[in-house]
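Residue numbering for the sequence shown follows my numbering, beginning at 9 and increasing consecutively. Note that CB positions come from ideal geometry on N, CA and C, so glycine has one too.
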Amino acid sequence: MLKNISRRDFLKTSAVMAGAVFAGTKGLSSDQGAVAAPTNHWFKGNLHMHNQWSDGEPLPQWAVDWYKSHGYHFICPSDHNIFQSDELRFDGFRFENPPSDRDAFRGQTSLWKVISPAPGWPKLTQAHVDETIERFGKDSVRMITVGGQTYVRMTPFSELETQFAEPGKFLLIPGYEQTGGCPNDQQVHVNFINVREVFPYITAETPKEILERTFAKGLEVYDGQQYLFTANHPLWRYYDYSPADLIALPQIRLFELNNNDIAKGFDAHPQGWKPEQFWDVVNAYRAAHGQSLLLGMGSDDRHSYSEPPKAWSVVRAASLRTKELLDAISAGDFYASNGLDFEEIQFEGRTLSVKINVREEGRYRIQFVGTKKGYDPSSRVVEVEKGPRCPARKIDVYSDSIGTVLDSVEGTEGAYTLKPDDLYVRAKIVKVAENLEPDWQSKPAAWTQPYC
Ligand SMILES: [Zn+2]
Ligand SMILES: [Zn+2]
9 MLKNISRRDF LKTSAVMAGA VFAGTKGLSS DQGAVAAPTN HWFKGNLHMH NQWSDGEPLP
69 QWAVDWYKSH GYHFICPSDH NIFQSDELRF DGFRFENPPS DRDAFRGQTS LWKVISPAPG
129 WPKLTQAHVD ETIERFGKDS VRMITVGGQT YVRMTPFSEL ETQFAEPGKF LLIPGYEQTG
189 GCPNDQQVHV NFINVREVFP YITAETPKEI LERTFAKGLE VYDGQQYLFT ANHPLWRYYD
249 YSPADLIALP QIRLFELNNN DIAKGFDAHP QGWKPEQFWD VVNAYRAAHG QSLLLGMGSD
309 DRHSYSEPPK AWSVVRAASL RTKELLDAIS AGDFYASNGL DFEEIQFEGR TLSVKINVRE
369 EGRYRIQFVG TKKGYDPSSR VVEVEKGPRC PARKIDVYSD SIGTVLDSVE GTEGAYTLKP
429 DDLYVRAKIV KVAENLEPDW QSKPAAWTQP YC
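Here it is as structure tokens:
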């Protein structure tokens, strides 16, 4: 069993869940001593994706079906600044198309978008309507033509759930992505997962202030609800928020280690942190100060579905239920992946042991990564001028003593015992290849959470 502070909380929850799971099971009673721990399973999911509810290319039902038919167990359709509710609307993220005759929509619900004659992000095109009709039949897309424009109804979350959710097989979790940034256009995006109410984006002078105020507002708006807050894609568009921001905000527990789009459009600065190092910088500080460690998620954040997803998360839980998945994620019982899988991850005493679920022959390597006590926490600033592929930025550059390979094992099973001078350890598994990239671009790879 994993043993860290958050894990202890998780075990308490698990005990309650175990009671619930077995409460109605015939033939078992506690006095017979026959109550076994529930068997845990790995569930693959993606908690960050887009569809035509905001600026993703496909219609919602096509997008949800894609995940269901590609081996995912759970998803959160997290569109920009909107929840897929029944409310009748004609505008949203970067579009506004009120009809000339609103009477044509009397009694209608949900969001209606106009089919654009020209393609281009983030427009709804006839091609995406056609692909949905081809997949689900002509009745699957509702359209109304008024004033020479054809409006298409976006399927709301409740109907997507009815159409696609299957107990134990496929789960939809409600949520959305808050999207915006500072006056200098440093973008700060966060996901609220397992909520159905949207509050307006909070703009402030610095990314830290946006994160801090948005996190606090979430506590107020979603008081009493179980939800997740994730700090998204720090490197996209270009060093938008820094490790120092999450060092200053220990209440933020989840960030996107791996996100499809971070490599698009902008190049990581040769001296600047990469997402894995970002993670280690924050966790070196948190571990040294007795704080809860930052957990790293894999998300694909897909807008276009023409390429395969580049990251996802795999969560260990007794069953495919929202509460259990959220409990497990909050407790760090999950890993991020872009192609490899763990069969086992255990942190017992001070030893992290992992086993790769080998699906393909090849050479595998397990790297145990961590930071030593006495590391150099200082950083210096590199100023980057505005260029064709980047905005002007000040980038924090950190010491190489943060996030080092503590041990490396060639093979599919390995273990590392924390030494007295280690602050924490995490494992990364890779399939060895000549062109293996470092940091988050290693592929195929998977990353455990950090343990201490
Ligand atoms: Zn985003
Ligand atoms: Zn997004």
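task: Please find out if some non-hydrogen atom of ligand 2 comes closer than 7 Å to the beta-carbon of aspartate 309.
output: As a first step, residue 309 must be located in the sequence shown, where it is residue number 301. Yes, Cβ of aspartate 309 sits closer than 7 Å to a heavy atom of ligand 2.
Alpha-carbon spacing of lysine 318 relative to aspartate 111, whole angstroms: Start at 1 with the first residue of the sequence shown, and residue 318 comes out as number 310. Start at 1 with the first residue of the sequence shown, and residue 111 comes out as number 103. Rounded to the nearest angstrom, the two C-alpha atoms are 44 Å apart.
- prompt: Is threonine 222 buried or exposed, if buried means 16 or more other CB atoms sit within 10 Å of its CB?
  reply: Translated into the one-based positions of the sequence shown, residue 222 becomes position 214. Threonine 222 should be labelled buried.
- prompt: Are the beta-carbon atoms belonging to asparagine 59 and tyrosine 75 less than 8 Å from one another?
  reply: Translated into positions along the sequence shown, residue 59 becomes position 51. Translated into positions along the sequence shown, residue 75 becomes position 67. Not closer than 8 Å, so no.
- prompt: With respect to 7 Å, is the separation between the Cβ of threonine 187 and the closest non-hydrogen atom of ligand 1 below this value?
  reply: The sequence position of residue 187 within the sequence shown is 179, counting from 1. At least one heavy atom of ligand 1 lies closer than 7 Å to the C-beta of threonine 187.
query: Any idea if tryptophan 287 is buried or exposed, counting beta-carbon neighbours within 10 angstroms, 16 or more meaning buried?
result: To locate residue 287, count along the sequence shown from 1; it is residue 279. The residue is buried, with at least 16 neighbouring Cβ atoms inside 10 Å.
task: Report buried or exposed for glutamate 1, applying the criterion of at least 16 other Cβ atoms within 10 angstroms of its Cβ.
output: Coverage of the chain is limited to positions 9 through 460, which leaves residue 1 absent and any answer about it impossible.
- prompt: Closest to arginine 161 by CA distance: which of Ile374, Phe98 and Ser108 is it?
  reply: Along the sequence shown, read from residue 1 onward, the residue named residue 161 stands at position 153. Restricting attention to Ile374, Phe98 and Ser108, the CA atom closest to the CA of arginine 161 is found in Phe98.
- prompt: Exposed or buried, what is glycine 128 when buried is set at 16 or more other beta-carbons lying within 10 Å of its beta-carbon?
  reply: Taking the sequence shown and counting its residues from 1, one reaches residue 128 at position 120. Classification for glycine 128: exposed.
- prompt: What's the gap between the Cα of tryptophan 281 and the Cα of leucine 426?
  reply: Position 273 of the sequence shown, counting from 1, holds the residue named residue 281. Position 418 of the sequence shown, counting from 1, holds the residue named residue 426. Near 25 Å, if we compare the C-alpha coordinates of leucine 426 and tryptophan 281.
message: Which residue marks the beginning of the alpha helix (DSSP H) containing valine 291, and which one marks its end?
response: Indexing the sequence shown from 1 puts residue 291 at position 283. Looking at the sequence itself, residue 291 is asparagine, so the reference to valine does not match. 283–296 is the span of the alpha helix (DSSP H), which, as asked, contains asparagine 291.
Option nearest arginine 371 by Cα separation, candidates Ser307, Gly145, Val438 and Asn346: Here residue 371 corresponds to residue number 363 of the sequence shown, with the count starting at 1. For arginine 371, the nearest C-alpha among the options comes from Val438.
task: Pick out whichever of Val440, Thr214, Gln157 and Leu236 has its Cα sitting closest to the Cα of valine 198.
output: Your numbering for residue 198 matches position 190 in the sequence shown. Of Val440, Thr214, Gln157 and Leu236, the residue nearest in Cα terms is Leu236.
- prompt: Which value, in whole angstroms, describes the spacing of the CA atoms of valine 137 and glutamate 174?
  reply: As a position in the sequence shown, residue 137 is number 129, starting the count at 1. As a position in the sequence shown, residue 174 is number 166, starting the count at 1. Annotation: valine 137 to glutamate 174 spans about 25 Å, alpha carbon to alpha carbon.
query: In terms of DSSP beta bridges, what is valine 325 paired with?
result: On the sequence shown, position 317 is the one that residue 325 refers to. The question names valine, yet the displayed sequence has alanine at residue 325. According to DSSP, alanine 325 bridges with His49.
message: Using a 10 Å radius around the Cβ and a threshold of 16 neighbouring Cβ atoms, would you call asparagine 192 buried or exposed?
response: The residue labelled residue 192 in the question sits at position 184 within the sequence shown. Asparagine 192 should be labelled exposed.
- prompt: If you count every other CB in all the chains shown that lies within 10 Å of the CB of serine 409, and 16 or more means buried, which is it?
  reply: Start at 1 with the first residue of the sequence shown, and residue 409 comes out as number 401. With fewer than 16 other Cβ atoms inside 10 Å of its own Cβ, serine 409 counts as exposed.
Cα-Cα separation, methionine 305 to tryptophan 320: Here residue 305 is taken as the residue at index 297 of the sequence shown, counted from 1. Here residue 320 is taken as the residue at index 312 of the sequence shown, counted from 1. Distance between the alpha carbons of methionine 305 and tryptophan 320 is about 7 Å.
In DSSP terms, what asparagine 266 is bridged to: In the sequence shown, counting from the first residue as 1, residue 266 sits at position 258. Its beta-bridge partners are Gly306.
query: By how many angstroms is the C-alpha of phenylalanine 263 removed from the C-alpha of isoleucine 337?
result: The residue you call residue 337 lines up with position 329 of the sequence shown. The residue you call residue 263 lines up with position 255 of the sequence shown. Cα-Cα distance, rounded: 12 Å.
task: Please name the residue or residues paired with isoleucine 123 in a DSSP beta bridge.
output: Here residue 123 refers to the residue found at position 115 when the sequence shown is read from its first residue. BP columns for isoleucine 123 point to Leu132.
field: Status (buried if at least 16 other CB within 10 Å, exposed otherwise) for aspartate 39
entry: Residue numbering aside, residue 39 sits at position 31 when the sequence shown is read from its first letter. Annotation note: pLDDT 38 at aspartate 39 (below 50); position unreliable, coordinate value reported separately. Within a 10 Å sphere around the beta-carbon of aspartate 39 sit fewer than 16 other beta-carbons, which makes this residue exposed.
task: Go ahead and label glutamine 457 buried or exposed: buried means 16 or more other beta carbons lie within 10 angstroms of its beta carbon, across all protein chains shown.
output: Here residue 457 refers to the residue found at position 449 when the sequence shown is read from its first residue. Its Cβ being crowded by 16 or more others within 10 Å, glutamine 457 is buried.
- prompt: What are the residues that DSSP puts in a beta bridge with serine 361?
  reply: The residue you call residue 361 lines up with position 353 of the sequence shown. Per DSSP, Gln354 and Ala423.
message: Closer than 8 Å is the cut-off here; do at least three beta carbon pairs connect the region 357–377 with the region 413–431?
response: Yes, they touch.
message: Looking at ligand 2, does it come within less than 7 Å of glutamine 56, judged from the CB to the closest heavy atom?
response: Here residue 56 refers to the residue found at position 48 when the sequence shown is read from its first residue. Checking the displayed sequence, the identity of residue 56 turns out to be histidine instead of glutamine. Yes, since a heavy atom of ligand 2 falls inside the 7 Å radius drawn around the Cβ of histidine 56.
message: Please tell me whether, using a cut-off of 7 Å, the distance from the CB of histidine 277 to the nearest non-hydrogen atom of ligand 2 is below it.
response: Along the sequence shown, one-based indexing puts residue 277 at 269. Relative to the non-hydrogen atoms of ligand 2, the Cβ of histidine 277 never comes closer than 7 Å to any of them.
query: Does the Cβ of asparagine 240 lie closer than 7 Å to at least one heavy atom of ligand 1?
result: Here residue 240 is taken as the residue at index 232 of the sequence shown, counted from 1. Yes; taking the cut-off as 7 Å, the Cβ of asparagine 240 has a heavy atom of ligand 1 nearer than that.
task: Would you please state the rounded distance, in angstroms, between the beta carbons of alanine 256 and alanine 344? I believe it to be under 8 Å.
output: On the sequence shown, position 248 is the one that residue 256 refers to. On the sequence shown, position 336 is the one that residue 344 refers to. No, alanine 256 and alanine 344 are not in contact; Cβ-Cβ is about 24 Å, not under 8 Å.
- request: Could you pull out every residue in the same chain whose Cβ sits closer than 7 Å to the Cβ of aspartate 63, ignoring the five residues on either side in sequence?
  value: By one-based count along the sequence shown, residue 63 stands at place 55. Once the five neighbours on either side are set aside, the close Cβ partners of aspartate 63 are His88, Phe101, Arg102, Trp129, Pro130 and His311.
- prompt: DSSP beta-bridge partners for threonine 170?
  reply: Your numbering for residue 170 matches position 162 in the sequence shown. Answer by DSSP bridge pairing: none, since threonine 170 is not bridged.
query: In whole angstroms, what separates the C-alpha of valine 72 from that of aspartate 384?
result: The residue you call residue 72 lines up with position 64 of the sequence shown. The residue you call residue 384 lines up with position 376 of the sequence shown. Taking the straight line joining both Cα atoms gives about 45 Å.
- request: Give me the Cα-Cα distance between serine 416 and glutamine 449, rounded to the nearest whole angstrom.
  value: Reading the sequence shown from its first residue, position 408 is the one you call residue 416. Reading the sequence shown from its first residue, position 441 is the one you call residue 449. Taking the straight line joining both Cα atoms gives about 18 Å.
- prompt: In the region 174–241, which residue ranges form an unbroken beta strand (DSSP E) of at least 3 residues, counting only runs that do not cross its ends?
  reply: Scanning the region 174–241 from its first residue to its last, the whole beta strand (DSSP E) runs of 3-plus residues come out as 183–186, 198–201 and 236–239.
message: Between histidine 197 and ligand 2, is there a pair consisting of the residue's CB and a ligand heavy atom that are separated by less than 7 Å?
response: By one-based count along the sequence shown, residue 197 stands at place 189. The answer is yes for histidine 197.
message: Using CA atoms only, rank isn't needed, just tell me which of Ile90, Arg114, Lys177 and Asp275 is closest to glutamine 186.
response: The residue you call residue 186 lines up with position 178 of the sequence shown. If we check each option's Cα against that of glutamine 186, Ile90 comes out closest.
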